[in-house]
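Asks: Got a structure for you, questions after.
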DNA sequence: TTCGTATAAAATATCACAAATAACATATCA
DNA sequence: TGATATGTTATTTGTGATATTTTATACGAA
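And the structure:
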């Protein structure tokens, strides 16, 4: 792993519901803790959730290799639940089967970057427009609160940065109200995560997000202007892809 | 299963590359048989491919229950590769974990139908526009050939119908050139498949597709008119969802 | 020194089986 | 008769063992 000395492997507490009610298919009882369906959480899901978090916050870098035994040791389970979690990540494009029975984070490839950019812009902008059309004032207040909290935190580590960015985006997409598209966006972000690692740990460790685009999205949503919200989102997404694009074209 | 007496479980030959070169990430050596990477295909992938086909051609109906042991017996493997294939289908939304340790095809729900419709229209129309912008004349000739072949076949079974429809669509989306979006569309069709079962085996066993929209897509593409192609595609997709929508609202 | 072959090590894929869990059937009680 | 308790059965989930494949290493021959 490329982060042995930089960040801890994410240790989400097992009782943590992650993004809470950001999900568009959140249970109706979501507002009352403990009143969701009583359902055991199996090891496979627990392992997957942790790997998912790790991917989305950029714990893995493009080209990294993974190994079922090491992961099983780390999670203190047998190989099977790890394998099932990992197979799912392969299906979602976050990992590939590399030659030699290896599991690998897809290496940096310009064609893939372009493809992912296109997919993210196409789908996330669609869902942003949907969110603008559906948003109630309290939804936007919540987005504003997430932004305010992000701004008030200081100093910012890359993890803090990425976590609040992710929270903003997924709250927004949750408002869009499409569980199907929300899930698809999650899989896109799983693929995107290693590129975030590249930006924050290789390209420019001092880079910090500007919240300007996020503010514009909220303002546009308050005006019911889905076109403007879309534009702000596209600008936001494009910013990081431009950095990555330049990096792939830099002679090295 | 709802089809015990209607159709055979799809038995794709193991050497069959499925849609062949329709995939946008087809190997560069695709034009020369046998010169792709030499790579063993494991049981898990074989099982998954067959289940994928089964889903897409509407072998399963909304609400069907599946069972690992039965599937393992049918595929003549142990449970493990079946389990891994099935977990993937769960991740893709084609199956859900039902209460009581069961695996279930998601039941018919209007909200889900609407969500899937929206996702399909949003994403597939985007890829259609991309395809129009990228298509070479021979690509369109190929689409035309698929259509001609579909028309010349008679009589048409639902399976023939669905297979040629699928071939048309996926060839079109492959021309779009985005492996990421292509894979997403596949997962949408996995979810859509059981609704096809409903249309062809419950709602109207005599229904047959009209190729009119497909023809319009090709004509628009020849004119380089991505807007018209988009409209034709949206009409095509909407047609079946309208039938399903009416069915869910019919008092029964 | 280079190349070919054999062997060992490492990693995944599959299998067999035990444990956990939920549903169902049956018996008992009020 | 309906409600509750208990036992049985079916199915998934997780563990550990085994099989298979790939890579690394050692050794001998040219």
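Residue numbers (our numbering), protein chains in the order written: chain A, 1030 to 1281; chain B, 1030 to 1281. All residues carry an ideal CB built from backbone N, CA and C; glycine is no exception. Note that the structure is a prediction, hence the values are computed from the model and not measured.
Could you tell me which chain B residues have their CB closer than 7 Å to the CB of residue 1151 (chain A), listed as they occur along the chain?
Replies: Residues of chain B passing the Cβ test: 1155.
Asks: Given that residue 1207 (chain B) touches chain A, what residues does it touch there, using C-beta distances under 7 Å?
Replies: Correct list: 1144, 1147, 1148.
Asks: Please state the DSSP three-state secondary structure of residue 1088 (chain A).
Replies: Looking at residue 1088 (chain A) - three-state DSSP - the assignment turns out to be coil, as it is neither helix nor strand.
Asks: Is residue 1249 (chain B) helix, strand or coil by DSSP?
Replies: Of the three classes helix, strand and coil, the one that applies to residue 1249 (chain B) here is helix, per DSSP.
Asks: Looking at chain A, which residues of the stretch 1212 to 1226 of chain B have a Cβ within less than 8 Å of any of its Cβ atoms?
Replies: Against chain A - using a Cβ distance shorter than 8 Å - the residues of the stretch 1212 to 1226 of chain B are 1212, 1213, 1216, 1217, 1220.
Asks: Report the CB separation of residue 1080 (chain B) from residue 1118 (chain B) in whole angstroms; it is logged as a contact under 8 Å.
Replies: 6 Å between Cβ atoms; contact.
Asks: Assign residue 1125 (chain A) to one of three DSSP states: helix, strand, or coil.
Replies: The answer is strand: DSSP assigns residue 1125 (chain A) an E or B state.
Asks: Whole angstroms are fine: how far does the CA of residue 1209 (chain A) sit from the CA of residue 1213 (chain B)?
Replies: Going by the C-alpha atoms only, they are around 11 Å apart.
Asks: Is residue 1176 (chain B) near residue 1266 (chain B), with beta carbons less than 9 Å apart?
Replies: Cβ distance not < 9 Å, so residue 1176 (chain B) and residue 1266 (chain B) don't count as in contact.
Asks: When burial is assigned at 16 or more other CB atoms within 10 Å of the CB, is residue 1129 (chain B) buried or exposed?
Replies: Classification of residue 1129 (chain B): exposed, given that the 10 Å Cβ count is below 16.
Asks: I need the straight-line Cα distance from residue 1102 (chain B) to residue 1206 (chain B), nearest angstrom please.
Replies: Roughly 38 Å between the two C-alpha positions.
Asks: Looking at the structure shown, is residue 1140 (chain B) part of a helix, part of a strand, or coil, going by DSSP?
Replies: Residue 1140 (chain B) falls in the helix class under three-state DSSP.
Asks: Pull up the DSSP beta-bridge partners for residue 1132 (chain A), would you.
Replies: DSSP lists A:1095, A:1126 as partners of residue 1132 (chain A).
Asks: How about the stretch 1156 to 1174 of chain A and the stretch 1071 to 1086 of chain B: do they share at least three Cβ pairs that are nearer than 8 Å?
Replies: No, the stretch 1156 to 1174 of chain A does not touch the stretch 1071 to 1086 of chain B.
Asks: Is the separation between the beta-carbon of residue 1127 (chain B) and that of residue 1088 (chain B) shorter than 9 Å?
Replies: Taking 9 Å as the Cβ cut-off, residue 1127 (chain B) and residue 1088 (chain B) do not qualify as a contacting pair.
Asks: Quick check on residue 1242 (chain B): buried or exposed, where buried means 16 or more other Cβ atoms within 10 Å of its Cβ?
Replies: Residue 1242 (chain B) is buried by the Cβ-count criterion.
Asks: Just verifying my parser: in three-state terms, what is the DSSP assignment at residue 1240 (chain A)?
Replies: Residue state, collapsed to three classes: coil.
Asks: Please state whether DSSP places residue 1154 (chain B) in a helix, a strand or coil.
Replies: It is helical.
Asks: Please look up how many angstroms separate the CB atoms of residue 1237 (chain B) and residue 1261 (chain B), rounded, as I've assumed it's under 8 Å.
Replies: Going by Cβ atoms, the distance from residue 1237 (chain B) to residue 1261 (chain B) rounds to 18 Å, so no, they are not a contact pair.
Asks: Along the chain, where does the alpha helix (DSSP H) that runs through residue 1107 (chain B) open and close?
Replies: Where residue 1107 (chain B) is concerned, there is no enclosing alpha helix (DSSP H), given that its DSSP letter is neither H nor E.
Asks: Do residue 1112 (chain A) and residue 1074 (chain B) come within 9 Å of each other at the CB atom, strictly closer than that value?
Replies: Going by C-beta atoms, residue 1074 (chain B) is not nearer than 9 Å to residue 1112 (chain A).
Asks: Using the beta-carbon count (16 or more within 10 Å), is residue 1231 (chain B) buried or exposed?
Replies: With fewer than 16 other Cβ atoms within 10 Å, it is exposed.
Asks: So is residue 1098 (chain A) buried or exposed if we call it buried at 16+ other beta carbons inside 10 Å?
Replies: Flag for residue 1098 (chain A) reads exposed.
Asks: Going by beta carbon distance, what residues of the same chain come within less than 8 Å of residue 1124 (chain B), once the five residues before and after it are set aside?
Replies: Taken in chain order, the residues that qualify are 1095, 1115, 1118, 1132, 1133, 1134, 1135.
Asks: Does the beta-carbon of residue 1226 (chain B) have 16 or more other beta-carbons within 10 angstroms, so that it is buried, or is it exposed?
Replies: So residue 1226 (chain B) counts as buried.
Asks: Please report the distance separating the alpha-carbon of residue 1090 (chain A) from that of residue 1211 (chain A).
Replies: Rounded to whole angstroms, residue 1090 (chain A) to residue 1211 (chain A) spans 24 Å at the Cα level.
Asks: Please say whether residue 1259 (chain B) and residue 1157 (chain B) have beta carbons closer to each other than 9 Å?
Replies: Yes, the pair counts as a contact, with Cβ atoms nearer than the cut-off.
Asks: Taking 9 Å as the cut-off, decide whether the C-beta atoms of residue 1224 (chain A) and residue 1186 (chain A) are in contact.
Replies: No, these two residues do not count as a Cβ contact at 9 Å.
Asks: My guess is that residue 1191 (chain B) and residue 1263 (chain B) are in contact by the Cβ rule of under 8 Å, so how many angstroms apart are they, rounded?
Replies: At roughly 20 Å, the Cβ-Cβ gap does not stay under 8 Å, so residue 1191 (chain B) and residue 1263 (chain B) are not in contact.
Asks: So with CB distances below 9 Å, who are the chain B contacts of residue 1117 (chain A)?
Replies: By Cβ distance, chain B contributes 1116, 1117, 1119, 1120.
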